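To start, the structure under review is shown below, and the notes come after it.
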Amino acid sequence: MHSLPFFTTGLFINNEVLESNLVFAVTDPANGTVIANVSNATDEDCRAAIAAAHQAFPSWSTMPTRDRATILRRWYQLVMANSTSLATLLTREQGKPIAESKAEIIYGASFIEWNAEECRRSYGDIIPSPAAGKKFMTIRQPVGVVAAITPWNFPVAMVTRKISPALAAGCTVVLKPAEDTPLCALALAMLAREAGLPPGVLNVIPTNNPAAIGQVLTSDERIRKISFTGSTEVGRLLMQQSAPTVKKLSLELGGNAPVIIFNDADIDTAVSGTLNSKYRNAGQTCVCANRIYVQRDIAERFIPAFVNATRLLQTGNGLEPGVQVGPLINEEAVQKVEYLVADALQHGGVLECGGQRMDDRSLCYMPTVISHCHHQMMISKAEIFGPVSAIYLFDLEDEVINLANDTIYGLAAYCFTTDASRAWRLSEQLQYGMIGMNEGIISYPEIPFGGLKQSGFGREGGRQGIEEYLETKYICWGVNEP
Ligand code: ADP
0 MHSLPFFTTG LFINNEVLES NLVFAVTDPA NGTVIANVSN ATDEDCRAAI AAAHQAFPSW
60 STMPTRDRAT ILRRWYQLVM ANSTSLATLL TREQGKPIAE SKAEIIYGAS FIEWNAEECR
120 RSYGDIIPSP AAGKKFMTIR QPVGVVAAIT PWNFPVAMVT RKISPALAAG CTVVLKPAED
180 TPLCALALAM LAREAGLPPG VLNVIPTNNP AAIGQVLTSD ERIRKISFTG STEVGRLLMQ
240 QSAPTVKKLS LELGGNAPVI IFNDADIDTA VSGTLNSKYR NAGQTCVCAN RIYVQRDIAE
300 RFIPAFVNAT RLLQTGNGLE PGVQVGPLIN EEAVQKVEYL VADALQHGGV LECGGQRMDD
360 RSLCYMPTVI SHCHHQMMIS KAEIFGPVSA IYLFDLEDEV INLANDTIYG LAAYCFTTDA
420 SRAWRLSEQL QYGMIGMNEG IISYPEIPFG GLKQSGFGRE GGRQGIEEYL ETKYICWGVN
480 EP
């Protein structure tokens with residue numbers, strides 16, 4: 000572990016690594032061993048990080064975009080060059096299978112590459128003027144110091160998805176990574192320094208007391224934007240806390256993704272698409288299939304095929320070759336899954352496979368399928384965040400659209416059908432920010448990722464991504480006409 004060239008456990012402020020006497024343990028979810036003791040940021044440390052970012056802002060925001068782009072591109076290259084070590088670190092602290100970690104590094108790095116390119120395209124407008132002697136224009140300027148708060152399910156990609164557009168826009172950043180997975184965030188910061196990022200432009204403050212640090216970040220006038228990915232509950236809290244200083248916000252919150260399989264679906268596409276969406280990262284993604292609606296006539300073909308495919312998934316330590324489903328992040332996560340499964344079975348659900356831990360003390364939960372689900376079960380309302388598939392039957396298109404939209408969330412929805420008109424209708428009527436049509440994997444840096452309703456607002460990726468970190472300034476010029 001310590002052979003990793005960029006591995007560090009200190010706070011990262013002003014391009015310096017500050018080891019603190021206050022530490023918290025980061026454990027390997029596959030076996031519970033402590034892999035590092037990481038410095039625990041205090042309120043004072045947080046203020047020091049904000050001050051560093053604030054001081055760095057004038058020079059970073061005015062640096063020629065070509066130079067900012069060059070640094071970002073170098074960072075991208077360094078992340079790619081260190082992808083094998085980073086992937087191992089990721090699996091150690093987060094648990095996902097090593098193949099998924101490698102894919103996450105490539106995916107995460109691609110945001111840095113994309114934003115290095117977008118950096119040079121933050122155009123303003125010249126607006127035709129209706130008034131003699133007046134000229135109108137807009138310019139785009141960075142919002143200021145950004146606080147980024149990231150979750151543990153994608154310890155690399157969630158960081159790069161926020162930080163690279165912020166840096167590209169000319170913002171400086173204070174990053175508070177999730178307490179379960181701070182090591183990848185610190186490693187990324189070390190690589191950014193190596194790439195030439197000036198002091199103070201990116202600061203990383205791990206802590207196991209996020210509520211206190213969240214208070215400091217949201218109440219500080221110098222922070223002009225909060226970018227958050229995590230639970231809807233914490234998102235609401237950050238919104239409230241940001242109100243007194245009127246900060247801009249981007250919130251990527253919980254999901255409750257429906258997958259709808261119509262009688263006319265291609266069965267193989269539906270099975271593999273649902274499987275990919277459901278079991279990636281052991282079901283711990285906000286766009287994971289959470290409710291699987293199967294039309295009655297295809298159910299007798301779909302359910303056995305899906306259950307068989309689920310049974311074949313190999314579960315265990317993500318570092319072992321061939322493992323496809325790793326452990327859940329912590330004991331609390333497993334207990335939540337156990338609770339949801341027990342509630343579903345008590346209310347008439349039928350266990351088709353799985354339904355228990357790999358062994359008593361393991362954080363690995365066996366890939367599980369429950370059929371005969373309905374909307375009175377907790378599993379229909381909660382984000383499962385585990386490898387559990389809940390299957391519901393339906394008869395009519397209108398009925399399933401209502402069922403699919405019957406949630407406070409609106410992040411991702413999936414639909415399997417070979418009827419083009421139906422695909423079009425569903426795309427418009429599903430109240431979700433993203434639709435996978437005959438496809439279970441939908442995330443790329445080129446697309447605007449984000450949700451509707453209580454899944455939050457703001458987009459990450461696409462041409463919209465960098466705009467979240469830019470303000471539009473309007474300038475009216477009085478001109479002496481000839
Ligand atoms: P999850 O349930 O997936 O862990 P959370 O919303 O609790 O989702 O966590 C996502 C991120 O939000 C993590 O970095 C966590 O430390 C942080 N967080 C949790 N509570 C707060 C809070 N009160 N203020 C600021 N950040 C918080």
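For the sequence shown, numbering that gives the first Met the number 0 gives the first residue as 0, with consecutive numbering after it.
A virtual CB, placed ideally from N, CA and C, is assigned to each residue, including glycine.
As the structure is a prediction and not an experimental result, all values here were calculated from the model.
Determine the contact status of residue i and residue j, defining contact as a CB-CB distance below 8 Å.
i, j, result
"L248", "A167", "no"
"S454", "G325", "no"
"N39", "T206", "yes"
"C363", "T314", "yes"
"S482", "V258", "The question about residue 482 has no answer here: the residues shown for the chain are numbered 0 through 481."
"F11", "A188", "yes"
"I104", "S82", "yes"
"G272", "N437", "yes"
"A194", "L77", "yes"
"T284", "N152", "yes"
"I378", "A343", "yes"
"T309", "S370", "no"
"Q93", "T180", "yes"
"G435", "E445", "no"
"L327", "V340", "no"
"C287", "A264", "no"
"K133", "V478", "yes"
"A281", "P447", "no"
"P150", "E178", "no"
"A52", "G234", "no"
"I441", "I302", "no"
"I204", "C45", "yes"
"D42", "A211", "yes"
For residue i, list the residues DSSP reports as bridge partners.
i, result
"N202", "V173"
"G435", "Y413"
"A147", "L174, S226"
"E470", "Q140"
"R290", "P257"
"V37", "F23"
"A389", "I369"
"G464", "According to DSSP, G464 bridges with nothing at all."
"P314", "Inspection of the sequence shows that residue 314 is occupied by Thr rather than by Pro. Bridge partners of T314: V324."
"K133", "G477"
"K452", "DSSP lists no partner for K452."
"K247", "K224"
"D124", "T137"
"C485", "No information on residue 485 is available, as it lies outside the stretch 0 to 481 that the chain covers here."
"L190", "Note: L190 sits in no beta bridge, so no partner."
"E459", "F448"
"I12", "E15"
If I measure Cβ to Cβ from residue i and keep anything under 8 Å in the same chain, skipping five residues before and after, which residues do I get?
i, result
"G457", "S226, L248, S249, L250, E251, G449, E467"
"N197", "Per the sequence presented here, residue 197 reads as Pro, with Asn not at that position. So the list reads N14, A55, S58, W59, once near-sequence residues are dropped."
"T484", "For residue 484 there is no data in the structure shown, the boundaries of the chain being 0 and 481."
"V142", "A168, C170, R223, K224, K247, Y468, L469, E470"
"Q240", "G213, Q214, T217, S218"
"E220", "T244"
"S236", "Sequence inspection shows Leu at residue 236; the Ser mentioned does not correspond to that position. If we look at L236 and ignore the five residues flanking it on each side, its Cβ neighbours are G213."
"I474", "F135, M136, T137, I138"
By Cβ distance below 7 Å, which residues in the same chain neighbour residue i in space, the five residues on each side in sequence not counted?
i, result
"K472", "T137, I138, Q140"
"T64", "C118, R119"
"I162", "A147, V172, L174, L201"
"L392", "V293, R295, A298"
"Y75", "A108, I111, E112, A115"
"T268", "F415, N437"
"S121", "R139, A168, I465, L469"
"P4", "Residue confidence for P4 is low, a pLDDT of 44 falling below 50, so the modelled location carries little weight; the figure read from the coordinates is stated next. If we look at P4 and ignore the five residues flanking it on each side, it has no Cβ neighbours."
"S2", "Low confidence applies to S2: its pLDDT is 43, below 50, so where it sits in the model is not reliable, and the reading given next is rough at best. Nothing meets the Cβ criterion."
"V155", "L85, L89, E103, I104, G107, C183, L187"
Can you find the residues in the same chain that come closer than 6 Å, C-beta to C-beta, to residue i, ignoring five residues on each side of it along the sequence?
i, result
"T159", "G107, F110, I111"
"L216", "A146, I222"
"V33", "A24, T26"
"V16", "T7, G9"
"V322", "P96, Q313, G315"
"R91", "D27, I34"
"N262", "Q294, D296, I297"
Report task. Please specify which runs of the alpha helix (DSSP H), each continuous and at least 4 residues long, are wholly inside the stretch 45-100, giving them in chain order. Result -> Listed in chain order, the complete alpha helix (DSSP H) runs (minimum 4 residues) inside the stretch 45-100 are 64-80, 82-93.
Report task. Evaluate contact between the stretch 83-94 and the stretch 302-321, counting only Cβ atoms and requiring at least three cross-stretch pairs below 8 Å. Result -> Inter-segment contact for the stretch 83-94 and the stretch 302-321 is present: three or more beta-carbon pairs are separated by less than 8 Å.
Requested in this report: Count the CB pairs spanning the stretch 395-412 and the stretch 426-445 that are closer than 8 Å, and state whether there are at least three.
Outcome: The stretch 395-412 makes contact with the stretch 426-445: 3 or more CB pairs, one atom from each, lie closer than 8 Å.
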